[in-house]
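**Q** Quick note, the sequences are listed as chains A and B, same order. Residue 237 in the working numbering is what sits at position 251 of the first sequence, and the numbering runs on without skipping anything. Residue 289 in the working numbering is what sits at position 303 of the second sequence, and the numbering runs on without skipping anything. From the three backbone atoms N, C-alpha and C, an ideal C-beta is built for every residue, glycine too. Please read these numbers as outputs of a predicted model, since none were measured by experiment. Here's a structure for you.
Number of protein chains: 2
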Amino acid sequence: MGYCQGMSTLDQPRPRRVTINDVAREAGVSVATVSKVINERYGVSEATSEKVLAVIDQLGYQSSLIASSLRRKSTGVIGVLVAEFEPYSAELLKGISAALHGTGYELLAHAGRTGAHNHTGWERRSLSRLGHTLIDGAIVVTPSMIITDETTIPVVAIDPHTGPDGPMTVDADNVTGARLAVDHLVGLGHRRIGFLGGRPDLRSAGLREQGYREALDDAGLSVSDKLIRVGGYHPELAEAPAREMLSLPTGERPTAVFAANDISAIKVIEVAGSLGLRVPEDLSVVGFDNVPESRDATPPLTTVAQPLHEMGRAALGLLLELLEGKHTERHLRLPAELVERGSTAPPA
Amino acid sequence: MGYCQGMSTLDQPRPRRVTINDVAREAGVSVATVSKVINERYGVSEATSEKVLAVIDQLGYQSSLIASSLRRKSTGVIGVLVAEFEPYSAELLKGISAALHGTGYELLAHAGRTGAHNHTGWERRSLSRLGHTLIDGAIVVTPSMIITDETTIPVVAIDPHTGPDGPMTVDADNVTGARLAVDHLVGLGHRRIGFLGGRPDLRSAGLREQGYREALDDAGLSVSDKLIRVGGYHPELAEAPAREMLSLPTGERPTAVFAANDISAIKVIEVAGSLGLRVPEDLSVVGFDNVPESRDATPPLTTVAQPLHEMGRAALGLLLELLEGKHTERHLRLPAELVERGSTAPPA
DNA sequence: ACCATCTACGAAAACGTTATCGACAACGAT
DNA sequence: ATCGTTGTCGATAACGTTTTCGTAGATGGT
């Protein structure tokens, strides 16, 4: 019996988009001309240009990114793929976002393995889904896998670079960073320095161990397997190895421990306390990452900081240059920095 | 003289997009049919559907979100506007991102006042720039201003709601949260409870003060202006008022302080220490927000937590319902929760 | 006057989809 | 046979831009 006619008042009538056509008609020119004015193309007189701009202003016209993206073949959006929104990626995002200002690009953040969907390789799927269409390029943070360059769009990874066939990368100098930490301890006079490793599947963990070994070598100190333990990125995973190492008989027990990440380092401090060891008087501890918690630990943790902000900025820089066709460095390595706080002191 | 022909080998020839046309040709059907298959529209036989799907798979076809966005008038992207990527917004993003799984929507994060561009009202500009085209709807986090509904797209704010004319909102129950904190202190036996306010321009700060006053009233305790100080969201801004309050003569000095945010609360603990007051023996302290630092303070801070994850999820839920035309609640208020840690105890 | 050269502009063809609508065949019912 | 009906399918017109290319008019040199 016919439709309910009153319904139409319910959906508030959002005003119809004002298109380039409206502007053209109002200004008495063709759409082509309007487009040229917008994009500051050559070939339009001063007079008409002003007139068109006036109309644009008056009508409040905004060009449709979607339509123009379709025509040119780029969207002006770069994607950032992170596993999760935690402080580490947040700081990177901050750097990227800051560097984005004024470039005309937008940032599309995509979190991968939220929830139970912890399938490795989510990066590849996300990239192929978004990359074909929505984004011009991507920055992927600590990928769970090697991104091969088979993707449609340029990619730069924030990750230690592996081989010549991998994607472009930006990372902090993990080896030198670790050496900074160990050199600091050596400089304080420590001779028995333990190492508590990080997540074994993370390449950065291996590099930090390498830095540890190199630093000891250079200092003429021997590397003892008894002082090296593998840990993880969770407090629980660090507890047992930390306790083992600190329970060695005096004389064998390290006077200082370098942990591959702050989470583990803080656990070391805790375990030390439970064993009656004072930090830093009886045991010095250095971490890596400079997570927010490290500042508030007791004592505040001496640690190695990655220049996350700059890394984000650099990654974006690389990506943009790639998008603009300039061929540049394929790998950028930024220096890590030692942050001296209260958890280190000369040995007793 | 002709062009340099060798150049073409330099730009690696990214394979031409495979379009819906290629699929149609290969499958021996029309593009319309392919489109119907993709979108699971009614009116295509089982046989052709399978054939088309096979071809799609074989060719690795991915439909262009840009083109389809142009045709339908929606992009399947929702934008999240945050002032900055800090733990607070990161947690919200996490919730939103988790809730996004399976909806087919993507998340476009946009950070507003990075760098020196701290103009209030950036939300409006960002919304009008993105909203017209790139995103279907937006969630804006603690806007610096009231978002009027004049925007082209649906918006829900994560913010205390103000009046009937504002946008849809989701927030934590600041008043009840504050009452939780004060009730806790009252329950412990405190009678002189101080309040250290937050950033005066934040509506949440006012609501927390209101909760403080209500709780005292209900407990039959008088509200004394001498025990109320205005602070801010920076440690420095909290120091002077905290020192004033704690320097009152014994008998007037509060035995407990409720601070409108953790930053200030931690400063209170610090100041207390410098005045020779032990926490929690001589002074109980409760904060608000449950920032990461609160867990690592000494002693660990008792505080009120906002259910950020759920708030993000709820905001997205509201937005999606709005996008799908269902009219729902315009304002959602989620309960805050008291997190009891070590900074509170009965008075001496 | 005449041609050559510019400049300013517009018509029209893309870009890759989706939605409408009409065509056509097959089929059952009269 | 005739007439709906139903079930598949394809032409085609959008969606709002950008870009190419042709053309008309103005300019300048002989």
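Report the neighbours of R115/B on chain A: residues whose CB is nearer than 8 Å to its CB, in chain order.
**A** Residue numbering aside, residue 115/B sits at position 129 when the second sequence is read from its first letter. By Cβ distance, chain A contributes Q48.
**Q** Given T34/B, which residues of its chain have a CB within under 7 Å of its CB, disregarding the five upstream and five downstream residues?
**A** Mapped onto the second sequence, residue 34/B falls at position 48. Closer than 7 Å at Cβ, skipping near neighbours: V15, T19.
**Q** At a Cβ cut of 7 Å, what residues of the segment 278 to 305 of chain B count as close to chain A, listed as they run along the chain?
**A** P278, E279, D282, A283, T284
**Q** Just curious, the alpha helix (DSSP H) that D248/B is in, first and last residue?
**A** In the second sequence, counting from the first residue as 1, residue 248/B sits at position 262. It spans 248 to 260 - the alpha helix (DSSP H) in which D248/B sits, taken as one unbroken run.
**Q** Alpha carbon to alpha carbon, what distance is there between T148/B and W108/B?
**A** For the purposes of this step, residue 108/B is taken as residue 122 along the second sequence, with counting starting at 1. For the purposes of this step, residue 148/B is taken as residue 162 along the second sequence, with counting starting at 1. Whole-angstrom Cα-Cα distance: 20 Å.
**Q** If we define contact as Cβ-Cβ less than 8 Å, is Q(-9)/A a contact residue for chain B?
**A** Locating residue -9/A in the first sequence gives position 5, counting from the first residue. In this predicted model, Q(-9)/A has a pLDDT of only 31, less than 50, meaning its place in the structure is not dependable enough to derive any value.
**Q** Just to check my reading of the structure: G184/B and G218/B have Cβ atoms closer than 8 Å, yes? What is that Cβ distance to the nearest angstrom?
**A** As a first step, residue 184/B must be located in the second sequence, where it is residue number 198. As a first step, residue 218/B must be located in the second sequence, where it is residue number 232. Their Cβ separation, rounded to whole angstroms, is 7 Å, which keeps G184/B and G218/B in contact under 8 Å.
**Q** Taking the runs of the beta strand (DSSP E) that are 3 residues or longer, which of them lie wholly in the segment 295 to 326 of chain A?
**A** Listed in chain order, the complete beta strand (DSSP E) runs (minimum 3 residues) inside the segment 295 to 326 of chain A are 317 to 320, 323 to 325.
**Q** Take the Cβ of A40/B as the centre, count every other Cβ of all protein chains shown within 10 Å, and call the residue buried at 16 or more, exposed below.
**A** On the second sequence, residue 40/B is found 54 positions in, with the first residue counted as 1. Answer is exposed; the Cβ neighbour count stays below 16.
**Q** Would you call the CB atoms of G237/A and P285/A closer than 8 Å?
**A** If you number the first sequence from 1, residue 237/A lands on position 251. If you number the first sequence from 1, residue 285/A lands on position 299. Annotated as distal: G237/A and P285/A, with beta-carbon spacing of 8 Å or more.
**Q** Is I6/A close to chain B, meaning its C-beta is less than 8 Å from at least one C-beta of that chain?
**A** For this step, residue 6/A is matched to residue 20 along the first sequence. By this cut-off, I6/A is not an interface position.
**Q** Using a 10 Å radius around the Cβ and a threshold of 16 neighbouring Cβ atoms, would you call G197/B buried or exposed?
**A** Within the second sequence, residue 197/B is the residue found at index 211, counting from 1. The residue in question, G197/B, is buried, as its Cβ has 16 or more Cβ neighbours within 10 Å.
**Q** Work out the CA separation of G173/A and E323/B for me, nearest whole Å.
**A** By 1-based counting over the second sequence, the position of residue 323/B is 337. By 1-based counting over the first sequence, the position of residue 173/A is 187. Going from the Cα of E323/B to the Cα of G173/A covers about 48 Å.
**Q** Quick test of the definition: if touching needs 3 or more C-beta pairs under 8 Å, does the segment 269 to 282 of chain B touch the segment 238 to 257 of chain B?
**A** yes
**Q** With DSSP as the reference, label G163/B as helix, strand or coil.
**A** Taking the first residue of the second sequence as 1, we reach residue 163/B at position 177. DSSP places G163/B in helix when its eight states are reduced to three.
**Q** According to DSSP, R215/B sits in a beta bridge with which residue or residues?
**A** The residue you call residue 215/B lines up with position 229 of the second sequence. According to DSSP, R215/B bridges with L182/B.
**Q** Helix, strand or coil for E92/B, going by three-state DSSP, please let me know.
**A** Here residue 92/B refers to the residue found at position 106 when the second sequence is read from its first residue. In the structure shown, E92/B sits in a strand (DSSP, three-state: E or B).
**Q** Going by the DSSP bridge assignment, what does V63/B pair with across the sheet?
**A** What you label residue 63/B is simply residue 77 of the second sequence in a count that begins at 1. DSSP, once it has assigned bridges, lists E92/B as partnering V63/B.
**Q** Output needed for R3/A: all residues of its chain with C-beta closer than 7 Å, excluding positions within five of it in sequence on either side, in chain order.
**A** Position 17 of the first sequence, counted from the first residue, corresponds to residue 3/A. Apart from sequence neighbours up to five positions away, no residue of its chain approaches R3/A with a beta-carbon distance below 7 Å.
**Q** How would you call E336/A, buried or exposed, if buried means at least 16 neighbouring beta carbons within 10 angstroms?
**A** Within the shown structure, residues of chain A are numbered from -13 to 334, placing residue 336/A beyond reach of any answer.
**Q** Which residues in chain A sit within 7 Å of S55/B, going by Cβ to Cβ distance?
**A** The count along the second sequence starts at 1 and reaches residue 55/B at position 69. Within 7 Å Cβ-Cβ: I52.
**Q** Is F71/A close to chain B? Criterion is C-beta to C-beta, closer than 8 Å.
**A** The residue given as residue 71/A occupies position 85 in the first sequence. Nearest CB-CB separation between F71/A and chain B: below the 8 Å threshold.
**Q** How do the segment 61 to 78 of chain A and the segment 41 to 50 of chain A stand: do at least 3 beta-carbon pairs fall below 8 Å, yes or no?
**A** Under the 8 Å Cβ criterion, the segment 61 to 78 of chain A does not count as touching the segment 41 to 50 of chain A, having fewer than three qualifying pairs.
**Q** According to the Cβ coordinates, are L302/B and A85/B closer than 8 Å?
**A** Your numbering for residue 302/B matches position 316 in the second sequence. Your numbering for residue 85/B matches position 99 in the second sequence. Against a cut-off of 8 Å, the Cβ pair of A85/B and L302/B comes out as a contact.
**Q** Let me know if S280/B comes out buried or exposed under the rule of 16 or more other beta-carbons within 10 Å of its beta-carbon.
**A** Within the second sequence, the letter at position 294 stands for residue 280/B. Burial call: buried.
**Q** At least one CB of chain A closer than 8 Å to the CB of L193/B: is that the case?
**A** Taking the first residue of the second sequence as position 1, residue 193/B is located at position 207. Judged by the 8 Å Cβ criterion, L193/B is not in contact with chain A.
**Q** Any idea which residues DSSP pairs G273/B with across the strands?
**A** Taking the first residue of the second sequence as position 1, residue 273/B is located at position 287. Paired residues: T289/B.
**Q** Which residues, taken in chain order from the segment 75 to 87 of chain A, show a beta carbon closer than 7 Å to some beta carbon of chain B?
**A** A76, L79, K80, S83, A84, H87
**Q** Can you tell me whether DSSP reads T5/A as helix, strand or coil?
**A** Translated into the one-based positions of the first sequence, residue 5/A becomes position 19. It is coil, neither helix nor strand.
**Q** Rounded to whole angstroms, what is the Cα-Cα separation between T138/A and E310/A?
**A** Translated into positions along the first sequence, residue 138/A becomes position 152. Translated into positions along the first sequence, residue 310/A becomes position 324. Their backbone Cα atoms lie some 15 Å apart in a straight line.
**Q** Nearest-angstrom Cα distance between A258/A and V243/A?
**A** Counting from one through the first sequence, the residue named residue 258/A turns up at place 272. Counting from one through the first sequence, the residue named residue 243/A turns up at place 257. Rounded to whole angstroms, A258/A to V243/A spans 11 Å at the Cα level.
**Q** Can you list, in chain order, the residues of its chain with a C-beta nearer than 8 Å to that of S55/B? Leave out the 5 residues immediately preceding and following it.
**A** Counting from 1 along the second sequence, the entry for residue 55/B is found at position 69. Cβ neighbours of S55/B beyond the five flanking positions: T61, G62.
**Q** In chain A, which residues lie less than 7 Å from T61/B when you measure between Cβ atoms?
**A** Here the question's residue 61/B lines up with position 75 in the second sequence. Neighbours of T61/B on chain A, chain order: I52.
**Q** Mapping DSSP to helix, strand and coil, what is T19/A?
**A** On the first sequence, position 33 is the one that residue 19/A refers to. It is helical.
**Q** For the segment 118 to 131 of chain A, list every residue whose C-beta sits within 9 Å of some C-beta in chain B, in sequence order.
**A** H118, T119, L120
**Q** Do the segment 71 to 84 of chain B and the segment 67 to 79 of chain A touch if we need at least three Cβ pairs shorter than 8 Å?
**A** At 8 Å Cβ cutoff, the stretches touch.
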